[in-house]
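Note that this note's numbering has the sequence shown beginning at 29, numbered continuously upward.
Where a beta carbon is used, it is the ideal one built from N, C-alpha and C, also for glycine.
Being a predicted model, the structure only gives us computed values, none of them experimental.
Working notes, structure below.
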Amino acid sequence: MNWVERISLVIEYVEQNLDGEISIDKAAIIACCSKFHLHRIFFSYFDITFSEYVRRRRFTLAAADVISTQATIVDIAMKYGYTSPNAFTRSFRKMHGVNPSEVRSANAKIATYSKASFPLEPIEAERMEYKIVEKPSFNIVGKSKRFEFDDFTKNGKKFWKEYVGSDDYKSLCELTNGKPGLVTGSPLLSAYFPDEKNEQDRFLDVLGVEYGFGEKVKEFKAHNVPAATYAEFDCSYRGAMKTNRYIYGKWFSATGYERDGGKPDIVSYFPMPWRHFSEMRLRWWVPVIKTSENA
């Protein structure tokens, strides 16, 4: 199956279980990929996270039930997986701007979020060239934070912007004095480590520098990046999001490669003297494996 077919099956799974349990683990099994990979693919296609899509679809149907049935708000809340009517009301208000009771007592307007469907507009990138590279294991030393995918899309940029303005970040940069790493060739890196074993839907985001094996740094934690085969893409900082959406929303589908399990995505930063920050060059390394079709 191609990725459009896989994601279509995930969407059908969601639609059939909006009044029942919906599991990202089950969705990943249906898509034949990891949770991390499913999140990135889904977000790239629809510009919304998987869990937010589920929430919006549920509350679209819940609002219809409030309007068109005589069921109590408590019963409707239970139908859509909320054991607490108060939690249901808060989430309902977040999407629709009014409480469920107000929808019945007044002619309130409610929001509608339609079922996702194909075809979609093509996902383009600043540059579409890529190459496949083999890289040995190396260490990243730096600051890390665990994010749930929804939280990362909302607050990740703000968190790292604040960190880059801190004294802790200055100390991190002083570890290598701006010298590029031997494996990555870059003075600064981000790594996104999937956390598939965690019951909660999280990944580890690391901002750091490539550092030698066996060298200890008290202030920062070391994270090992295993040897891997990567698909390599280049872009500017300004075009980073478009490039990432292209990789996960179009490139995987077009080439037949699969993401290599729990290995991290790596982003290398290459600052340019006397140039605006948005023009800084970036390089994406996405760990891949060959499928039988392209072996």
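Would you kindly report the start and end of the unbroken beta strand (DSSP E) that includes TRP312?
Counting along the chain, the beta strand (DSSP E) containing TRP312 begins and ends at 309-317.
Any contact of the region 263-272 with the region 309-318, i.e. 3+ C-beta pairs under 8 Å?
yes
Contact check, ILE178 vs GLU80 under 8 Å by CB: the rounded distance?
Note that residue 178 corresponds to Asp in the displayed sequence, not to Ile. Right, their Cβ atoms sit about 6 Å apart.
Could you please give the first and the last residue of the uninterrupted alpha helix (DSSP H) stretch that includes SER96?
78-96
Less than 6 Å between C-beta atoms, sequence neighbours within five positions excluded: which residues of the same chain meet that for GLU176?
ASP229, ARG230
Are there 16 or more other CB atoms within 10 angstroms of the CB of GLU157, so buried, or fewer, so exposed?
Using a 10 angstroms sphere on the CB of GLU157, the tally of other CB atoms stays under 16, which defines it as exposed.
Can you give the Cα-Cα distance for MET269 and TYR285, rounded to whole angstroms?
20 Å
Can you list, in chain order, the stretches of the alpha helix (DSSP H) that have 4 or more residues and sit fully within the region 233-278?
268-274
For ASN167, which residues does DSSP report across the bridge?
TYR239, ASN252
Closest to ASN45 by C-alpha separation, out of ASN135, PHE248, ARG86, CYS60, would be which residue?
ARG86
Hey, LEU217 and SER296: beta-carbon distance below 8 Å or not?
Going by C-beta atoms, LEU217 is nearer than 8 Å to SER296.
Pick from THR271, ALA255, THR97, PRO254: whose alpha carbon is nearest that of PHE261?
THR271
Once you ignore the five residues that flank ASN127 on each side, which residues in its own chain have a CB closer than 8 Å to its CB?
Closer than 8 Å at the Cβ level, and outside the excluded window around ASN127, lie THR117, PHE120, ARG121.
Where does TYR73 fall in DSSP's three states?
helix
Sort out for me which residues DSSP pairs ARG121 with in a bridge.
Among the bridge pairs identified by DSSP, ARG121 is matched with none.
Confirm, please, whether the CB-CB distance from TYR220 to PRO292 is below 8 Å.
Yes, these two residues count as a Cβ contact at 8 Å.
Whole-angstrom Cβ separation of TYR239 and VAL169, contact assumed at under 8 Å?
4 Å
Let's test the definition: count the other Cβ atoms within 10 Å of the Cβ of GLY193 and tell me whether it reaches 16, buried, or not, exposed.
exposed
When the distance is taken between beta carbons, is ILE35 closer than 8 Å to ILE324?
Since the first and last residues shown for the chain are 29 and 323, residue 324 lies out of range.
What's the gap between the Cα of PHE280 and the Cα of SER62?
Going from the Cα of PHE280 to the Cα of SER62 covers about 14 Å.
Does the Cβ-Cβ distance between VAL211 and ALA259 come in under 8 Å?
no
Can you tell me whether THR319 is buried or exposed, with buried defined as 16 or more other CB within 10 angstroms of its CB?
exposed
Under the three-state reduction of DSSP, which class applies to ASP179: helix, strand or coil?
helix
Ignore the nearest five residues each way along the sequence and tell me which others in LYS246's own chain have a CB closer than 6 Å to its CB.
none
Out of curiosity, what's the CA-to-CA distance linking SER338 and ASN252?
Limits of the chain in this structure are 29 at one end and 323 at the other, which puts residue 338 out of reach.
Classify ARG132: buried if its beta carbon has 16 or more other beta carbons within 10 angstroms, exposed otherwise.
exposed
Using 8 Å as the threshold, is the C-beta distance between LEU200 and LYS173 below it?
no
Any idea what DSSP makes of ALA99, helix, strand or coil?
coil
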